[in-house]
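Residue numbers (the UniProt record's numbering): 1 to 125.
Structure representation (C-alpha cells):
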C-alpha cells in the first residue's frame, strides 16, 4: 500500500510544493520539484530526517552570560530532544573561540556541539 506526503522543499530558494509517494519506507515518486534538489530533499526527509540544532550554553567568568552553539552537522530528528535536554545543564568557562568543541558526541550521534561565537574572559580586552 502506498502513502502520499506533502512537503515544501527547502533544497533551494524556490520552495516547491512536493508530493511524495512512499511504498513502505521507500520513496517511489516525487512530483512538483523544479530541480533535482527536490528529489534528494524528499528522499532524505521521508526516510532519514535530520536537523542542525542551535542553542546556547551558560558561560562562567565570561563577558557574556551565554554562548551560542550548534551541531557540526545534521543529527537525526529523533535525537533533538535528547540533545536539547543535555544542553540545559552545560556550563563552559571563558575564554571561548568560534569553533571550540563544547560537547563531543552529543546524544551518541558522533557529532560535536561547537561554539558559534567567541566569548572573552570578564575584564579582559
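Even glycine gets a Cβ: it sits at the ideal position worked out from N, Cα and C.
- When DSSP reads this structure, residue 83 sits in no beta bridge, so it has no partner.
- Taking all protein chains in view, the Cβ of residue 71 is crowded by 16 or more other Cβ atoms within 10 Å, so the residue is classified as buried.
- When C-alpha distances from residue 124 are compared across 109, 95, 104, the shortest belongs to 95.
- Relative to residue 27, the option among 2, 17, 118 whose CA is nearest is 2.
- The residue from 68, 58, 25, 35 with its alpha-carbon nearest to that of residue 9 is 35.
- Residue 119 and residue 69 do not touch by the CB rule: their CB atoms are close to 11 Å apart, not below 8 Å.
- Residue pairing for residue 18: DSSP places it in a beta bridge opposite 7.
- When the Cα atoms are used, residue 62 and residue 115 turn out to be separated by approximately 14 Å.
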